[in-house]
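Asks: Below is one structure. I have some questions about it.
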Amino acid sequence: MTLNALDAVYKSLTFFGKAGCVDCHRGPALSSSVGADSEKIFFAVGFDDFDVNDSRIHGVVDQATKEGRGGFTGNDHEKYQFKIPQLYNLSDAPVLGHGASFSSVAEVIAYKNAGQAQNPAARTNLDSRFVPLGLSNEEMHNLEAFIANALRDPDLQRYQPVSLPGAGCIIVDDLCM
């Protein structure tokens with residue numbers, strides 16, 4: 003193994019260990035396990051929703067959209083649940099979080115480390131694993147380096163379907179797996 007490979011392995015220990023990222027981010031896309039049912043695909047972690055005053059957001063964000071999967075299914079226990087995202091090439095994304103409330107991997111890690119919901123309405127349905135992680139600054143830095151570098155492939159080809167079932171509601175519709 004090269005020094006870079008050993009460094010990546012060392013930095014991955016927080017992901018697979020103390021931070022518990024792999025409890026939710028698993029399978030080939032580090033999103034959810036292959037064949038997982040909806041209870042293992044959708045989680046509430048209290049992210050803020052779309053800020054309609056942000057120039058990047060177009061149109062109206064209705065209440066059903068804000069309520070995530072629960073707004074789609076009508077089930078109260080599923081409110082504010084969103085599909086677990088994949089983790090590849092996150093450092094290339096201009097915004098992160100289903101409501102676009104983060105602009106870097108480091109911000110998401112700090113949020114998850116604090117374990118405090120941004121969205122007060124989501125607090126009643128938070129996943130039991132969304133708790134303060136107690137990561138040190140070094141552990142947060144290692145986790146960021148692992149996600150931003152080891153999970154980055156500039157040649158990764160993304161499948162872009164022509165159309166989606168379920169009216170294209172990819173973050174709340176389990177038919178769009």
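FYI, in the numbering used here the residues of the sequence shown are 3 to 179. The beta carbon of each residue, even a glycine, is placed where N, CA and C say it ideally should be.
(1) Within its chain, find whatever has a CB closer than 6 Å to the CB of Ala-31; leave out the 5 residues flanking it on each side and keep chain order.
(2) Counting Cβ pairs, one atom from each stretch, are 3 or more of them under 8 Å apart for the region 52-70 and the region 111-118?
(3) Where Asp-9 and Ala-21 are concerned, what is the direct C-alpha to C-alpha distance, given to the nearest angstrom?
(4) Is it buried or exposed for Asp-53, if we count other Cβ within 10 angstroms and need 16 for buried?
(5) Which class does Gln-65 belong to by DSSP, given the choice of helix, strand or coil?
(6) Work out the CA separation of Gly-72 and Phe-132 for me, nearest whole Å.
(7) So, with DSSP's three-state summary, where would you put Phe-18?
(8) Taking only the alpha-carbon atoms, compute the straight-line gap between Tyr-12 and Ala-46 and give it to the nearest angstrom.
(9) Assign Val-110 to one of two classes, buried (16 or more other C-beta atoms within 10 Å of its C-beta) or exposed (fewer than that).
(10) Applying the 10 Å Cβ sphere with the 16-neighbour rule, what's the burial state of Asn-144?
(11) Measuring straight from C-alpha to C-alpha, what distance separates Ser-138 and Gly-76?
(12) Measure the CB-CB distance between Leu-158 and Asn-91 and report whether it falls below 8 Å.
Replies: According to the structure shown:
(1) Taken in chain order, the residues that qualify are Gln-88.
(2) Of all C-beta pairs linking the region 52-70 to the region 111-118, fewer than three are shorter than 8 Å, placing the two stretches out of contact.
(3) One alpha carbon belongs to Asp-9, the other to Ala-21, and they sit about 18 Å apart.
(4) By the beta-carbon neighbour count (other beta carbons within 10 angstroms, threshold 16), Asp-53 is exposed.
(5) Reduced to three states, the DSSP call for Gln-65 is helix.
(6) Distance between Phe-132 and Gly-72, taken at the CA atoms: about 18 Å.
(7) It is helical.
(8) Taking the CA atoms as reference points, Tyr-12 sits about 29 Å from Ala-46.
(9) Classification for Val-110: buried.
(10) Classification for Asn-144: buried.
(11) Cα to Cα, Ser-138 sits roughly 40 Å from Gly-76.
(12) In contact: Leu-158 and Asn-91 (Cβ atoms closer than 8 Å).
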